[in-house]
Structure formats: C-alpha cells, structure tokens
Ligand SMILES: Nc1ncnc2c1ncn2[C@@H]1O[C@H](COP(=O)(O)OP(=O)(O)OP(=O)(O)O)[C@@H](O)[C@H]1O
Ligand SMILES: [Mg+2]
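Chains as they are written, first to last, in the numbering used here: chain Z, 36 to 288; chain A, 11 to 752.
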C-alpha cells in the first residue's frame with residue numbers, strides 16, 4: 036500500500052505545473068522522484084501534503100482518499116515531510132524542534148510510552164545531532180538544517196515520509212551515510228519518497244524511480260531501467276543523443 | 011420612496027469616499043506588503059492642512075488643493091517610504107503593522123497638537139449651497155464631485171496597474187519581491203510610487219469627507235476601519251471588488267442611519283444609535299466569514315531579524331522579586347495622591363502582559379486587548395459586587411469566550427485579517443457597545459457602563475485587607491509578578507514551544523500534525539482572559555472607570571509600548587504600566603499631553619531599526635551578566651537596603667532616596683565592567699623571541715627595527731634565512747629607511 040497519487044493536475048494561472056501525474060511509493064521501499072529544475076517535484080509534494088490544492092486528481096494513503104483533508108489531518112494519518120526551502124522552527128533549539136513534533140505525536144497517541152524528551156534524545160543520537168542540540172535552529176547551516184528537519188519528521192513516526200532534496204548541502208561522506216539511513220528508515224516499514232538531484236544517492240538508494248519533466252511523468256521503473264530510458268536522457272540533457280546522455284548518467288554512478 | 015432615493019445617493023457618496031481611501035490602501039498594501047494603518051490619519055493631516063491654507067490663510071481653493079494634493083501629500087508619501095517603510099525589510103508582519111500604527115499615533119497627536127481640538131473649526135463643501143435636481147432630490151455639487159472623483163480614481167488605478175510600465179512593475183513586486191529584485195527591477199521605484207499615490211488618495215478622501223465628519227482628527231483617522239472593510243471585500247488586492255465593497259458599505263451605513271432611528275423603533279432606538287456607525291464593522295465580519303481560505307504560509311523567504319529570547323527561571327524570579335520589592339518601597343515612599351494615581355499601573359501592566367503570549371510568542375495580532383480589558387472591567391464591576399474576587403474569574407471566562415468568538419471567523423485567513431478583525435471589534439466596542447443604555451435580558455438588567463461610569467470596590471480577599479491604596483498597590487505588584495511567572499512558565503513549556511513553532515512556520519506545524527486554528531484560538535482566548543483580568547485589577551485601582559478609559563487609540567498605545575520595549579519581555583509590560591498608569595509622564599511634561607503620544611509614536615517608528623524592542627537590545631545584555639556576579643548584586647542590594655533604612659529613619663528625604671536607588675540599579679552594569687577590569691588586568695602579549703618590541707610596532711613611531719629583528723621575523727614566519735650580504739644588497743621595498751638605518 037503506501038502512497039498513491041492519481042491524475043494530479045496543478046495550474047498556476049496559465050502555467051500547468053503538473054499535468055495528470057500518477058506516482059506512488061510503497062511501504063518498506065525508497066522511491067525516487069527525479070526531474071530537472073522546475074519539473075514540478077516540490078509542487079507534487081505540496082499537493083500530497085495538502086498545502087497546495089490541485090486543480091484535479093486524488094491522493095490516497097493506504098487506499099484511503101485524503102484529497103479533501105487539511106494538511107494537519109494528513110499528517111495525523113502518518114504523513115511527514117521535509118522542505119526544500121527549510122521550514123525549521125527558527126526560534127527553538129534543535130532539541131526543541133524535535134520535541135515539539137514528538138509532543139504533538141504523543142498528544143494524539145496517548146499510549147505512547149516514550150516521552151518527547153526521550154524521543155528527542157533518541158533521534159538526536161541517531162542522526163548525530165547531539166553536539167548541536169542546544170543551537171537555535173535558525174543559526175544552522177543548510178545542510179544541518181535538513182537533518183534537523185528529517186529528525187523532526189521522524190519524531191512524528193510517519194508511515195509515509197516525503198523528503199525534498201534532503202542531501203543538498205552535505206559532503207560525499209555524509210551523503211553515503213545518509214543513503215544508508217534512508218534504507219534503514221524504509222526497512223522499518225515506512226514508504227519513503229525521495230526528491231534528490233544527487234544521482235549517486237538516488238541510484239544507490241532507491242528501489243524504484245519516477246521521472247518528471249515539465250510537469251509530466253515521463254518514465255518510471257527500476258534504476259537500471261531509468262538509466263537506459265531514452266526519454267529520461269533527453270530530458271536531462273536537452274538532447275536526444277542517447278549515447279552521450281548514457282555516458283553522463285553512467286558517470287554519475 | 012423619496013427618502014430611499016436620498017439615502018441611496020448619500021450612500022453612494024459615502025461609498026465613493028470609502029472607495030478612494032480603500033483604493034489607496036490596497037495599492038500600498040499590494041505593492042509593498044505594508045498595511046498602512048495610518049492611512050486615515052494621513053487623510054486627517056491633509057484635511058487640516060487644507061483647512062489651514064484655504065479657510066485660515068485665505069488661499070484660493072485651486073491653489074490650496076494644488077499644494078496639498080499635488081505637492082505636500084505625494085512628498086509626504088515619498089518621505090514615509092524612504093524614512094520609514096523601506097527599512098522594514100526582513101521584519102515580521104506584526105512589526106510592519108505596528109510601525110504604521112506608530113505613524114497613526116504620531117500623526118493623530120501632531121494634528122491635535124497643532125490644531126487644538128478645543129477651537130471650533132469648519133470646513134464647508136466645495137461650491138456651498140449649489141446643487142442639481144436628480145430624481146426629485148437635490149444633490150449638492152460637492153457630492154457630485156465626490157462621486158466623479160471616486161469613479162476617476164477607480165478607473166485610473168485600474169488603468170495604472172494594467173497598462174502602464176510603472177503599474178506592471180508595481181504588480182511584479184507584489185507577486186514576488188525577491189524575484190523582482192533578481193530580475194533586475196528595483197522595487198524602490200514602485201514602492202515610492204505606491205506610497206506617493208496612496209498618500210495622495212488618502213488626502214483626497216480626507217478633504218472630501220471632512221465637511222461630513224464634524225471635522226475632527228479622530229473620526230478622520232478612524233475612517234481607516236471603514237476603508238479596510240471595503241478592502242477586505244476585495245481580498246486586499248482586487249481593486250474592482252474593493253470599489254464594490256466600498257459602495258456596499260456606504261449604502262448599508264446610510265440606510266442604517268436613515269431607517270434604524272428612534273422614531274421608527276421607539277423601544278430599540280437608543281440601542282441602535284451607535285449601530286449604524288458600526289455597520290462597516292459588521293460588513294467586515296460577514297466578508298471575513300465569506301472569504302475563501304488562505305493557503306498556509308511557510309516561513310518568509312528572508313530570515314527575519316526578530317528573535318525571541320528564552321527566559322531563564324533565575325532571571326524571571328529575580329525580576330518578580332525586584333517588582334515586588336520595588337513596589338513595597340514605592341508604596342511606602344510615594345505621596346498619597348501619587349500613590350493613588352499609580353495603583354492603576356498594575357492594571358495596565360497586566361493588560362500589557364496579555365499581549366506577550368499572543369503577539370510575542372504566537373505572532374498573532376490583536377488590536378483589541380484594551381477592549382477586552384473593558385469587558386473584563388464590566389464583569390468585575392457587575393459580577394464581583396462588594397469586591398468579590400470571583401468577579402475576576404468571571405472576567406477571565408467571559409473575555410476568553412468573547413475572544414474566541416472574535417478570532418473564530420478570521421482563523422482560516424492569513425494573519426493580517428485577524429489584526430483587522432480585532433481592530434474592527436475594538437472600534438465597535440468604542441462606537442457602540444460601551445455606550446449602550448441598560449437593557450434587560452430575561453430577568454436580569456444589564457447596564458454595561460451604567461450609562462457613564464462603572465464603580466468598583468477593592469477586592470475582598472479572605473484574610474488580607476487591601477482596601478488602602480498602599481496595600482492595593484502591593485497587591486497589584488504581587489499579582490503582576492506572579493502572572494509574569496505564569497507567562498514565563500508558558501513560554502518554557504510545551505504550549506509555549508507550540509506557539510513559537512506556529513509563529514516560525516505555520517506550514518511546518520501543519521505537517522507535524524498540529525491544528526493551528528485550535529492553537530490560535532486557545533492562545534487568543536487565554537490572552538483575552540488575561541486582558542480581562544487586567545481590566546478588573548485596573549477597575550479596583552481606579553474605583554470608577556468610563557468608556558474613554560478603554561478607547562481604541564488608548565489600546566493602540568498599550569500595544570505600541572509593548573512593541574517598543576519588546577513583545578516577549580514581561581519587563582515590557584511593567585514599562586507599559588509605568589508609562590500609562592502612573593502620573594510619571596504628566597509630571598515630567600505637564601503641558602504636553604500630546605507630546606508623550608508623539609514620543610511613543612516616534613519610538614514605534616524606529617522599530618524598523620530594532621524590531622526586538624529595547625529590552626532585548628539594550629537592557630538585557632547590560633544587566634543579565636549581573637546574575638552570575640553575586641558580589642555586584644549583593645553590593646547593589648546592600649546599597650539599596652541602606653537607602654531604605656535611611657529613608658525610613660528620615661535621615662534622607664524622598665528625592666535623594668529615589669536618586670540613590672536609581673544609581674544603585676543603573677550602577678550595576680558599570681560595576682560589572684569595573685569588576686571585569688580589575689579581575690583581568692590588561693596584559694601585554696609576550697614579545698616574540700629575538701625581537702626588540704611587538705612586531706606591529708617595529709620601526710614605527712621611532713621604535714627600533716634592526717637586522718636582528720629582521721632575522722627573528724624571518725624565523726618566526728618560517729622564511730628561509732638569507733645571507734646577510736644579500737639582505738644588505740637588496741633593501742626591502744617596504745621599509746627601505748629602516749633597513750638602511752640599521
Ligand atoms: N506558487 C506558484 N505560483 C506560480 N508558479 C509556481 C508556483 N510554485 C511553483 N511554480 C512553478 O511550477 C513549476 C514547478 O515548480 P517546482 O518548485 O515544483 O519544481 P521542482 O521540480 O521542485 O524544481 P527544483 O528542482 O528547482 O526544486 C515551476 O515552473 C515553478 O515556477
Ligand atoms: Mg523543488
């Protein structure tokens with residue numbers, strides 16, 4: 036089950052940002068969503084989380100249509116996300132950022148044993164943030180800010196996790212560790228949907244890929260299938276020269 | 011039928027004036043993102059300037075109009091843009107709104123200062139007495155001109171924004187300011203144009219409506235509320251809808267005035283008299299309920315310059331202690347009359363405190379806190395008869411309930427609408443509710459302000475007698491100190507974190523599952539309740555209160571003082587209390603009542619420079635280190651104690667005492683600096699080996715700089731050492747003189 040998006044169209048005035056797009060993400064898997072700049076990846080995240088009402092289309096969680104629900108209700112059903120343009124709680128410390136989310140979860144799930152403080156401590160440790168736990172979130176460099184956003188979304192114990200370019204601003208070493216972390220999260224039964232420009236990370240981590248271009252879905256399949264897809268190569272390079280495109284995509288692996 | 015036509019025509023004329031005002035308001039808001047609360051006050055200033063030129067100095071109409079509308083008003087707009095509004099980049103919506111409120115207060119006070127309201131003045135219609143016959147009624151030229159101007163303005167603005175280069179640039183800045191900058195357009199120019207045009211439109215409206223409003227500064231200033239009701243119908247961006255909205259409001263107001271009269275409704279009449287003035291407010295609430303839901307916004311793209319400090323328990327307890335100790339001292343040293351007048355300060359301080367969770371933490375605006383205080387005062391006066399403290403509980407409950415009702419319709423919409431709704435509510439209390447005569451509801455007779463004044467008795471707490479001014483003063487201080495600790499407790503707890511999170515990013519709050527509407531309602535109710543209790547404490551202090559104590563502009567002053575001092579500091583509430591609730595300012599400036607308001611206003615205008623308020627920017631960094639320095643604190647405390655003893659044994663009088671205490675407090679930062687200097691005497695850094703002095707000073711001001719130094723320096727920075735001969739042969743190009751001297 037997991038997440039299913041069906042026939043979503045979004046228009047901004049005359050501009051069609053998404054055109055009848057179907058994508059999905061299965062639980063226990065890391066699904067990649069890639070595409071050139073302006074393809075509509077962030078927009079589809081906004082539609083999924085309810086921040087952007089679509090002109091048409093449907094969003095389903097575990098088979099249930101959530102298209103009419105407010106963003107916070109979708110979150111309560113187990114949807115969490117990070118933002119490409121960071122949306123941290125800037126006046127709170129890193130620890131408090133996680134604690135707010137954990138406390139919110141506990142308010143709704145009275146049976147939860149772990150206190151928000153403990154959740155925060157656990158996630159700080161797991162994501163290696165303990166050293167900066169007391170730093171105000173608006174003082175963080177972007178790379179660390181993204182990790183804090185991930186920690187905050189994990190504090191909600193999501194079933195569906197949407198990550199918008201979580202690895203940008205990190206170095207190669209950190210990125211490799213990050214891929215491992217995503218696999219672990221998925222292994223816990225979470226459907227992870229990953230938007231990322233770093234092809235290394237995407238190709239090494241994802242079980243399945245969707246490719247968007249100019250608001251249209253142009254391909255989906257396993258990493259290997261996508262790597263050899265002519266339409267994808269054309270979209271990424273603005274050329275139909277398959278051999279050249281293949282070279283570039285190969286190089287990145 | 012005849013009456014209907016008359017009312018329709020005057021409704022359209024009134025609507026026309028609202029349309030002109032609202033058009034200017036919408037223009038500046040959409041172009042610069044600043045909602046100009048001072049729009050009406052600007053119109054008032056223009057109308058009075060016009061009066062001065064034409065009616066007082068006798069300049070011809072055309073010249074006066076040319077000077078006011080063609081020169082002064084646009085120039086003032088440009089001045090506003092460059093001196094104030096341009097500097098607000100990177101501040102929160104709250105700060106931006108409050109800066110324009112500050113401009114409103116300053117302008118209002120300035121107008122009342124320059125043109126004394128006691129002196130009667132008259133502005134008459136253009137072409138007085140001239141009229142034409144239309145549909146069987148006479149319509150004055152003035153009204154026809156007004157309608158024509160309204161139409162011209164509406165069409166003109168529309169054309170400006172659609173078809174001119176400047177207009178397109180203005181709309182581009184609206185859509186995305188940062189993008190417009192990236193694309194190389196300068197948002198300066200559209201901003202300046204918008205302020206010039208907006209101010210001119212405010213002036214036009216002010217001059218046209220002046221003859222209808224008994225020509226006084228306050229009603230002209232409050233025209234803003236009627237105007238933004240129209241702008242809200244246009245969702246603060248559509249000019250055609252704003253025009254339609256203005257006409258609706260004009261008509262509804264005039265029909266209200268014409269039909270809801272005492273002759274038609276003999277019983278209900280007295281209750282309806284203020285209603286027609288409140289019609290725009292009612293239309294506003296209906297409009298807010300009908301508007302489509304706003305999208306949740308994320309964080310502003312630029313990092314805001316505003317930070318909120320997390321209070322420590324130690325600091326907060328010290329603050330509470332100082333408040334109580336200071337109050338005990340003051341209660342025993344102030345003269346009886348001053349003490350009585352000063353007991354009010356705790357009421358104002360509590361009202362100020364009510365602003366902190368709502369505006370300071372949650373970032374939601376309310377311009378009605380003093381209005382809630384008024385409701386609280388009514389509750390305490392009627393439900394806490396004989397000083398029953400249960401009155402305070404009622405005040406809290408009733409105010410919380412009304413607060414929730416006021417906030418409810420605006421919740422779906424972005425933050426500015428909540429601010430507008432609360433301001434409208436406060437104005438409605440002012441214009442209508444607080445002036446209502448007594449009525450009966452079921453069996454109980456409800457007489458809000460007893461048709462004039464409310465009476466209070468000091469609270470009858472079991473066990474303590476606080477009926478004397480001295481005791482009540484200390485009681486107020488304790489109540490305030492404890493409340494400030496409650497606010498700190500909220501800030502440090504889970505609820506406080508939720509509030510700050512909501513201020514920082516509503517979108518992120520939603521994605522962690524937080525229902526921001528519920529959170530907003532909760533904090534709004536809480537803060538209304540606190541304000542209501544503050545109103546009750548104020549009543550107990552004053553003994554009698556009347557509606558003027560709770561008028562809208564006084565409420566703006568409370569909020570303004572809070573913003574100036576810092577919206578997240580309980581100290582700011584104390585400051586507001588002292589400023590508004592003690593005779594301090596009147597003692598300092600007895601003849602300049604307006605001057606104090608101007609002072610508040612000017613400080614508010616400066617917010618763009620320092621949006622965190624002066625407590626966070628100046629006071630806290632100076633005094634906070636003292637908490638870690640018990641020696642300094644103890645020294646100050648001992649000095650103060652000594653002074654108190656001296657005062658009570660009548661060794662010294664009041665003035666030396668007050669001065670001494672002030673010195674003992676102000677001296678703390680100075681003492682800290684001295685202590686630092688003593689503890690860490692300035693040490694010269696060690697001279698590196700082989701050098702004859704500090705490297706920076708070598709060869710300068712007559713210092714020596716010799717071959718040995720060069721060698722040592724080379725060694726220090728790990729240069730390969732050169733043979734001495736080569737050194738001599740190739741003098742350094744930098745310091746040839748020094749070389750040769752060696
Ligand atoms: N609020 C909006 N109003 C108008 N157009 C928008 C809006 N949001 C996005 N767009 C447009 O929709 C298109 C898709 O944008 P989106 O941000 O979803 O792209 P993206 O795939 O996330 O790109 P990137 O890789 O750069 O993050 C872009 O052309 C963008 O300009
Ligand atoms: Mg994006």
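Think of the CB as a built atom: it goes at the ideal place given N, C-alpha and C, for glycine as much as any other residue.
{"query": "Taking only the alpha-carbon atoms, compute the straight-line gap between residue 85 (chain Z) and residue 110 (chain Z) and give it to the nearest angstrom.", "result": "9 angstroms"}
{"query": "In whole angstroms, what separates the C-alpha of residue 267 (chain A) from that of residue 132 (chain A)?", "result": "23 angstroms"}
{"query": "Can you list the residues of chain A that residue 116 (chain Z) reaches, using a CB-CB cut of under 7 angstroms?", "result": "521"}
{"query": "Going by alpha carbons, who is nearest to residue 217 (chain A) out of A:402, A:439, A:686 and A:50?", "result": "A:50"}
{"query": "Compute every distance between the C-beta of residue 320 (chain Z) and the non-hydrogen atoms of ligand 1, then say whether any falls below 7 angstroms.", "result": "Here chain Z covers residues 36 to 288 and nothing more, so residue 320 (chain Z) does not appear."}
{"query": "Which whole runs of the alpha helix (DSSP H) in the region 411 to 446 of chain A are 4 residues long or more, in chain order?", "result": "425 to 441"}
{"query": "Got a sec? Which residues, its chain only, sit under 7 angstroms from residue 28 (chain A) by beta carbon, not counting five neighbours each side?", "result": "236, 237, 240, 256, 259 and 260"}
{"query": "Below 8 angstroms, can you find three or more Cβ-Cβ pairs linking the region 497 to 510 of chain A to the region 413 to 431 of chain A?", "result": "no"}
{"query": "Just to confirm, are residue 301 (chain A) and residue 610 (chain A) a CB contact at a threshold of 8 angstroms?", "result": "no"}
{"query": "Three or more beta-carbon pairs under 8 angstroms between the region 215 to 229 of chain A and the region 55 to 75 of chain A, yes or no?", "result": "yes"}
{"query": "Quick one: any contact between the region 531 to 548 of chain A and the region 390 to 402 of chain A, if contact means 3 or more CB pairs under 8 angstroms?", "result": "yes"}
{"query": "Taking 8 angstroms as the threshold, find out whether the region 47 to 54 of chain Z comes into contact with the region 72 to 88 of chain Z through three or more Cβ pairs.", "result": "yes"}
{"query": "Beta carbon of residue 177 (chain Z): closer than 7 angstroms to some heavy atom of ligand 2?", "result": "no"}
{"query": "Give me, in chain order, the residues of the same chain whose beta-carbon lies closer than 7 angstroms to that of residue 310 (chain A); leave out the 5 immediate sequence neighbours on both sides.", "result": "Because residue 310 (chain A) carries a pLDDT of 46, less than 50, the predicted location of this residue cannot be relied on, and the following value inherits that uncertainty. Contacts found: none."}
{"query": "Measuring CA to CA, which of A:577, A:83, A:419 and A:129 is closest to residue 801 (chain A)?", "result": "Only positions 11 to 752 of chain A appear in the structure, and residue 801 (chain A) is not among them; the question remains open."}
{"query": "Measuring alpha carbon to alpha carbon, tell me which residue in A:77, A:171 and A:612 is nearest residue 250 (chain A).", "result": "A:171"}
{"query": "What does residue 525 (chain A) reach in chain Z if we use C-beta pairs closer than 7 angstroms?", "result": "107"}
{"query": "Under a criterion of Cβ closer than 7 angstroms to any non-hydrogen atom of ligand 2, which residues qualify, in chain order?", "result": "Z:76, Z:77, Z:119, Z:199, Z:200 and Z:230"}
{"query": "My output table needs one value for residue 47 (chain Z): the three-state DSSP class, helix, strand or coil.", "result": "strand"}
{"query": "Ligand 1 and residue 74 (chain Z): does any heavy atom of the ligand fall closer than 7 angstroms to the residue's C-beta?", "result": "yes"}
{"query": "Who are the Cβ neighbours of residue 121 (chain Z) in its own chain at under 8 angstroms, not counting the five residues just before and after it?", "result": "177, 180, 181 and 184"}
{"query": "Listed in chain order, which residues of the region 139 to 167 of chain Z have Cβ atoms closer than 8 angstroms to some Cβ of chain A?", "result": "139, 140, 143 and 151"}
{"query": "Compute the minimum distance between the beta carbon of residue 370 (chain A) and the heavy atoms of ligand 1, and state whether it is under 7 angstroms.", "result": "no"}
{"query": "Decide yes or no for the touch test of the region 132 to 142 of chain Z against the region 150 to 160 of chain Z: beta carbon pairs closer than 8 angstroms, at least 3 of them.", "result": "yes"}
{"query": "Evaluate contact between the region 274 to 286 of chain A and the region 474 to 485 of chain A, counting only Cβ atoms and requiring at least three cross-stretch pairs below 8 angstroms.", "result": "no"}
{"query": "Interface residues of chain A around residue 127 (chain Z) at Cβ under 9 angstroms?", "result": "320, 507, 510, 511 and 514"}
{"query": "Please return the same chain residues whose Cβ sits closer than 8 angstroms to the Cβ of residue 447 (chain A), not counting the five positions on each side in sequence.", "result": "280, 281, 457 and 461"}
{"query": "What are the residues in the region 481 to 507 of chain A lying within 9 angstroms of chain Z by C-beta distance?", "result": "504 and 507"}
{"query": "Express the C-alpha separation of residue 238 (chain Z) and residue 288 (chain Z) in angstroms, rounding to a whole number.", "result": "Residue placement at residue 288 (chain Z) is poorly supported in this model, since its pLDDT is 46, which falls under 50; the coordinates still yield a value, given next. Those two C-alpha atoms are separated by around 7 angstroms."}
{"query": "Express the C-alpha separation of residue 554 (chain A) and residue 167 (chain A) in angstroms, rounding to a whole number.", "result": "50 angstroms"}
{"query": "Should residue 50 (chain Z) be listed as close to ligand 1, given that the test is whether its C-beta is under 7 angstroms from any heavy atom?", "result": "yes"}
{"query": "Provide the residue span of the alpha helix (DSSP H) that contains residue 499 (chain A), from first to last.", "result": "479 to 502"}
{"query": "Could you tell me whether the Cβ atoms of residue 225 (chain Z) and residue 251 (chain Z) are closer together than 8 angstroms?", "result": "no"}
{"query": "Within 8 angstroms of any Cβ in chain Z, is that where the Cβ of residue 306 (chain A) sits?", "result": "yes"}
{"query": "Exposed or buried, which one is residue 412 (chain A) when buried takes at least 16 other CB atoms within 10 Å?", "result": "buried"}
{"query": "Does the region 202 to 214 of chain Z come close enough to the region 229 to 238 of chain Z to have 3 or more Cβ pairs within less than 8 angstroms?", "result": "yes"}
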